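Straight run, no breaks: the sequence shown in UniProt numbering ends on number 589. Data first, discussion second: the structure below is written as structure tokens.
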Amino acid sequence: MWQFVKYSLATVVGLFLFAIVSLLLLAGVGAAMGSSDEVYDLKDNSVLKLDLNRPIVENATTEDNPFAAITDLYFAPPENLGLIQVLSALERAKVDPKIKGIYLDASYPIAGYAQLSEIREAIQKFQKSGKFVYAYANSYTEKGYYISSVADKTYLNPNGLLDFNGISVQYSFYKKALDKLEIEPLVFRVGTYKSAVEPFIREDMSEENKAQTSSFLQSINTYVFDKIARSKNIPVRKLDQIADSLQAFEPASAEKLGMVKQGYWDEFEVLLKKASGEKEKINYVSLNHYLQAKNPIDEVEGKDRIAVLVAEGEISGTRASEGNIGSDDFVKELKKLRESKSVKAIVLRIDSPGGSSLASDIMWREIELTKKVKPIISSMSNYAASGGYYMAMGTDVIVAQPTTITGSIGIFAAWFNVDNFLKNTMGITQDHVNTHANSNFMTSAGALTDFQKSVVQNSVNKGYLSFTTKAAAGRKMTLQRLQSLAGGRVWTGAQAKQIGLVDELGGLDKAIEIAAAKVKLKPGTYKVSVYPKAKSFVDELLNSATSETSLSERLLAKNIPWASSVLEVNRWKKREGFLAMMPYLMEFE
């Protein structure tokens, strides 16, 4: 019944929106086509406005949103910011004589610490050119202050707030709700730390999960506080005291501590005008417009390329869903790069918490085949855990940020017995006719026999052995040593480097340098090409408007307070087979 209602709703809403989208696209496509070949006229004494208050993904279009004036469209895709595009702009801007400096707007960046660290490092390289970097916000989140602290001057509205109290994560547990609904979760896992199933079988975190979470949180916090300490010339011990006592919460106190400068926007603009050399009006240039301006860096001649293949999102199965990784698409893309004569080496850029173990293994196999033909280097972003690590372990070299979340080498499966829920709550009963003893094995939402449970657990055990054996071979470790680091445990990039799960610490640029060195390409003699190509805004809008998931779920999320829980359950329903997935997709606060 729910499926019928859901699909009916999607169809009705889709037909209604189709007419609206069609009209919008006629205007949008025309505008996009008319401006696609234009070169932005960059003025002298320009200030690059780096607005990080958007979802940051690995690769995104630089086209302007033709519907920016029409706000709150239910079917419109988010205006994502591409990390690769940000890094490119900063690389160009540091040698561009028309760029005088950067105005950094990072009140509440929607990104992981690894991505923010990569941007922060690029900003520091920009500062070495002698140009200024000024930051301003009405309030700062923890992440916002982390990246804004790199600025030469970090300004805060006198009536704003500074959220500086250390990093935390919060998990939700559904056991009591499942008990009330008479839904029995059946879980199969290998590894003390493989805690992705804990929300369904516990009311709180296990001691093992608390230990690993505390360990990687402290590792990230240590790195972040060290970077802030160096930028603001405040000892780490003092920063710990400030965080514990919330001393920086009020702008006046934060200023006395040397963390920010107080000022209103008009006062901040006076400083920007002076720094940029403009008396009347500041020549702001957005990221998208700047990347459409003439590139100050001469184009590399020749055909040699380093390919960056982006693998971003949950590994949803063999066929990718919107925003996720599917092994079919990945294999097709990687095979093209392997067979391309102009591509000399490949950098695999991973931002994934894992997912389908089958799809992970299929992609690992293709990586192994590629490694026999040309070098392939892993570059880990926010996450390269479980299935994400499965991909990385087959590459020649693994590069991670110190704040990357990785490891979680393990396999699990989950099954929900909803017989009592259907019977006692919904008034629905089920009956079966089978030709053999186990004909309905894992085809109904009922209980499993002890024998059936043993079959599933044996498969999980075999999957874990396969995972760890391949990981041990990739890391050139004994199986015993690798399994002592596995068990589903999560590590940061810094920790993984110490124990041998990661080779180098650094960002995408570091991975590209290693790839180039492997094939003896000197800097400035090769091009870097990113795959798959970022979708245009019009493509994103079409996908969003015609997607049943996008329409129905976005409408739910915007209008029903508890919809996020429904969507999380729906995500679990879509996952196929056994899973190589980290404990949670964590949001650090």
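Virtual Cβ for every residue (Gly too), placed ideally from N, Cα, C. Since this is a predicted model, take the numbers as computed values, not measurements.
Over what stretch of residues does the alpha helix (DSSP H) that includes residue i continue unbroken?
i: residue 263; result: Residue 263 -> no alpha helix (DSSP H), and no H or E assigned at all.
i: residue 349; result: No alpha helix (DSSP H) contains residue 349, which is instead part of the beta strand (DSSP E) from 343-352.
i: residue 328; result: 327-339
i: residue 596; result: With the chain covering 1 to 589 only, the question about residue 596 has no answer from this structure.
i: residue 290; result: 287-291
i: residue 252; result: 251-256
i: residue 359; result: 357-371
i: residue 241; result: 236-245
With a threshold of 16 other CB atoms inside 10 Å of the CB of residue i, please say whether the residue is buried or exposed.
i: residue 227; result: buried
i: residue 246; result: exposed
i: residue 184; result: buried
i: residue 437; result: exposed
i: residue 605; result: For residue 605 there is no data in the structure shown, the boundaries of the chain being 1 and 589.
i: residue 177; result: exposed
i: residue 190; result: buried
i: residue 497; result: buried
i: residue 342; result: exposed
i: residue 126; result: buried
i: residue 426; result: exposed
i: residue 141; result: buried
Taking the continuous beta strand (DSSP E) assigned at residue i, which residues delimit it?
i: residue 184; result: 184-189
i: residue 397; result: 397-400
i: residue 154; result: 153-156
i: residue 529; result: 527-531
i: residue 317; result: 315-317
i: residue 492; result: 490-492
i: residue 406; result: 405-407
i: residue 100; result: 99-105
i: residue 133; result: 132-137
i: residue 413; result: 412-417
Measure the CB-CB distance between residue i and residue j and report whether it falls below 8 Å.
i: residue 311; j: residue 391; result: yes
i: residue 89; j: residue 412; result: no
i: residue 317; j: residue 326; result: yes
i: residue 174; j: residue 200; result: yes
i: residue 420; j: residue 203; result: no
i: residue 60; j: residue 104; result: no
i: residue 483; j: residue 468; result: yes
i: residue 362; j: residue 395; result: no
i: residue 378; j: residue 397; result: yes
i: residue 376; j: residue 348; result: yes
i: residue 165; j: residue 108; result: no
With DSSP run on the structure shown, which of helix, strand or coil describes residue i?
i: residue 205; result: coil
i: residue 213; result: helix
i: residue 426; result: coil
i: residue 562; result: Only weak support is given to the placement of residue 562: the predicted model assigns it a pLDDT of 42, under 50, and the question is left unresolved by the model.
i: residue 231; result: helix
i: residue 40; result: strand
i: residue 163; result: coil
i: residue 305; result: strand
i: residue 458; result: helix
i: residue 47; result: strand
i: residue 121; result: helix
i: residue 82; result: strand
i: residue 486; result: coil
i: residue 378; result: strand
i: residue 581; result: strand
i: residue 282; result: coil
i: residue 310; result: strand
Within the same chain, show all residues whose beta-carbon is closer than 6 Å to that of residue i, passing over the 5 residues directly before and after it, in chain order.
i: residue 580; result: 354, 357, 360, 386, 387, 390, 411
i: residue 529; result: 305, 307
i: residue 119; result: 86
i: residue 98; result: 42, 44, 46
i: residue 319; result: 326, 328
i: residue 263; result: 155
i: residue 56; result: 81, 83, 111, 115
i: residue 415; result: 186
i: residue 208; result: 192, 193
i: residue 40; result: 289, 292, 293
i: residue 345; result: 306, 374, 375, 515, 518, 519
Does residue i get closer than 8 Å to chain D when you measure Cβ to Cβ?
i: residue 532; result: In the displayed structure, chain D is absent; only one protein chain is listed.
Go through its chain and collect everything with a Cβ distance to residue i's Cβ below 7 Å, but skip five positions before and after it.
i: residue 149; result: 228, 231, 232
i: residue 492; result: 216, 219, 220, 402, 403, 404, 405
i: residue 282; result: 47, 269, 272, 273, 276
i: residue 501; result: 406, 407, 475, 485, 491
Please return the same chain residues whose Cβ sits closer than 8 Å to the Cβ of residue i, not counting the five positions on each side in sequence.
i: residue 252; result: 158, 262
i: residue 547; result: Confidence at residue 547 is low in this model, with a pLDDT of 48, below 50, so its placement is unreliable and the value that follows should be read with caution. The residues are 322.
i: residue 100; result: 45, 46, 47, 131, 132, 275, 276, 277
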